[in-house]
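>
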DNA sequence: CTATAATACTAATTAGATTAGGAAAATGGC
DNA sequence: GCCATTTTCCTAATCTAATTAGTATTATAG
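Protein chains in written order, with this note's numbering: chain B, 19 to 207; chain U, 19 to 207.
#1: In terms of alpha-carbon separation, which member of 74/U, 102/U, 125/U, 200/U lies closest to residue 179/B?
#2: Spell out a yes or no on whether the region 137-145 of chain B and the region 187-195 of chain B are touching, meaning 3 or more CB-CB pairs, one atom from each, closer than 8 Å.
#3: At a CB-CB cut-off below 7 Å, which residues of chain B make contact with residue 169/U?
#4: Listing by chain order, which chain B residues have their CB less than 8 Å from the CB of residue 158/U?
#5: Assuming residue 116/U contacts residue 42/U (C-beta within less than 8 Å), just tell me the rounded distance between them.
#6: On the premise that residue 137/B lies in contact with residue 76/B, defined as a C-beta separation below 8 Å, what is that separation, rounded to the nearest angstrom?
#7: Relative to the C-alpha of residue 79/B, which residue among 148/B, 95/B, 111/B is closest?
#8: Let me see if you follow: with CB-CB separation under 8 Å, is residue 149/B close to chain U or not?
#9: Taking one C-beta from the region 163-177 of chain B and one from the region 152-172 of chain U each time, how about it: are there three or more such pairs within less than 8 Å?
#10: Cβ of residue 200/U less than 8 Å from any chain B Cβ?
#11: Taking residue 163/U as part of the alpha helix (DSSP H), name the residues at either end of that continuous run.
#12: Please check if any C-beta of chain U sits within less than 8 Å of the C-beta of residue 135/B.
#13: Thinking residue 106/B and residue 90/B are a contact (beta carbons under 8 Å), I'd like their distance in whole angstroms, please.
#14: Consider the C-beta atom of residue 142/B and the heavy atoms of the ligand ADP; say whether any pair is separated by less than 7 Å.
#15: What would DSSP say about residue 107/U, mapped onto helix, strand or coil?
#16: Quick one: Cα of residue 29/B to Cα of residue 94/B, how far?
#17: I need the straight-line Cα distance from residue 185/U to residue 158/B, nearest angstrom please.
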């Protein structure tokens, strides 16, 4: 049997592909092995279990998100940076449904590795908030507001949960307006 | 074999209990049957499959949410009603992690029954927004903003995704402030 | 050119969902 | 109260997917 010449990152990447095309539940060791042209037990050379594979997918998603968000906010500052970063987040979620689903579902502060992955992301976000004339304490809360909105809105869109035909893109932009105006109003008090 | 005297709603209720105590993944036909004191094949007298059971759990969650939100906003109007309703949503999510998870995960506008369940909920929300001096078109968008935030924030809290010790309750209240101030600012334009 | 490690395989086990077929309990009509 | 029907439950069997065990083959280091 010729070796397939795989490595862990290739396995994760293929799992990401499967997740994005068929949904996270379509990622099984069986389907993944088949997609890679090997037998499912062989996957244990790369991952410890199906659960671990999904966790890797979660980390993979957060790494990619960080990269996109970082890139999107480069060279921009203030509320524009916040907007650009939010759009990058949303765009990634829309274009990578399966991986995003994994990122959300296993989005826990359980261990060091998961924290390390999101730490970089937080650096970016904190830096943006520093340029926003917002107190450190409020920033802590408002970042949570943004996280909540971005993750929830993206999840809803990915689930086709908005039943009516009103433009989703417009809803997103208007939501950003509301959030930003709200933050500004808060600081003026 | 003495009959257990079950019916569909008792089965769903027990599934909800299992989901809330051990997480949605802890709900298997095996564990559910055991909790009910019957054998797993007997469950097919009440539900067509595991997938259908989870769907029922989703509907169960939305029905309960509607009831809570309706109750919370009774006798209140304007932005206070929005606040109370949001708090009721968040509270339910916090106190019913497993069911809420099911409600989110299967939150699609797939079929008539799912739409019927959430239709009542939307009536309540639309009525509140009518008292808010917000145009019908904007209301459509802002409801999505609120849904996004509420679902996302609740999910994050349930996943312990907020790693630092800053008060989550305060974050929630401040988020409502921001959202409401933002909406007001929007109307003043 | 060999020793070791890495990669892949087949075969077997396990858990859980589901199906098939049958027995016992409840129910409705008389 | 009694029978026919339906409902509820059971055991046995099947199926799919994860996982484990054990082995062969390919790569790689020296």
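Here a beta-carbon is modelled for each residue, glycine too, at the ideal position from N, C-alpha and C.
Quick caveat: nothing in here was measured; it's all calculated off a predicted structure.
According to the data block:
#1: Against the first chain, residue 179/B aligns to sequence position 161. Considering only alpha carbons, the answer is 125/U.
#2: no
#3: Taking the first residue of the second chain as 1, we reach residue 169/U at position 151. Those within 7 Å of residue 169/U in chain B are 170, 173, 174.
#4: As a first step, residue 158/U is located in the second chain; it is residue number 140 there, counting from the start. Simply 182, 184, 189.
#5: Residue numbering aside, residue 116/U sits at position 98 when the second chain is read from its first letter. Residue numbering aside, residue 42/U sits at position 24 when the second chain is read from its first letter. 5 Å between Cβ atoms; contact.
#6: The count along the first chain starts at 1 and reaches residue 76/B at position 58. The count along the first chain starts at 1 and reaches residue 137/B at position 119. Residue 76/B to residue 137/B, Cβ: 15 Å. No contact.
#7: Numbered from 1 along the first chain, position 61 holds the residue referred to as residue 79/B. The residue with the shortest Cα to Cα distance from residue 79/B is 111/B.
#8: Within the first chain, numbered from 1, the residue matching residue 149/B stands at position 131. Judged by the 8 Å Cβ criterion, residue 149/B is not in contact with chain U.
#9: yes
#10: Taking the second chain and counting its residues from 1, the one referred to as residue 200/U is at position 182. At least one chain B Cβ lies under 8 Å of residue 200/U.
#11: Position 145 of the second chain, counted from the start, is the residue given in the question as residue 163/U. Unbroken alpha helix (DSSP H) run through residue 163/U: 154-176.
#12: Mapped onto the first chain, residue 135/B falls at position 117. No, because no Cβ of chain U sits closer than 8 Å to the Cβ of residue 135/B.
#13: The residue you call residue 106/B lines up with position 88 of the first chain. The residue you call residue 90/B lines up with position 72 of the first chain. About 3 Å; that satisfies the 8 Å criterion.
#14: The ligand ADP is not part of the structure shown, which contains no ligands of any sort.
#15: Your numbering for residue 107/U matches position 89 in the second chain. It is helical.
#16: The count along the first chain starts at 1 and reaches residue 29/B at position 11. The count along the first chain starts at 1 and reaches residue 94/B at position 76. Distance between the alpha carbons of residue 29/B and residue 94/B is about 36 Å.
#17: Here residue 185/U is taken as the residue at index 167 of the second chain, counted from 1. Here residue 158/B is taken as the residue at index 140 of the first chain, counted from 1. Each residue's alpha carbon lies about 10 Å from the other.
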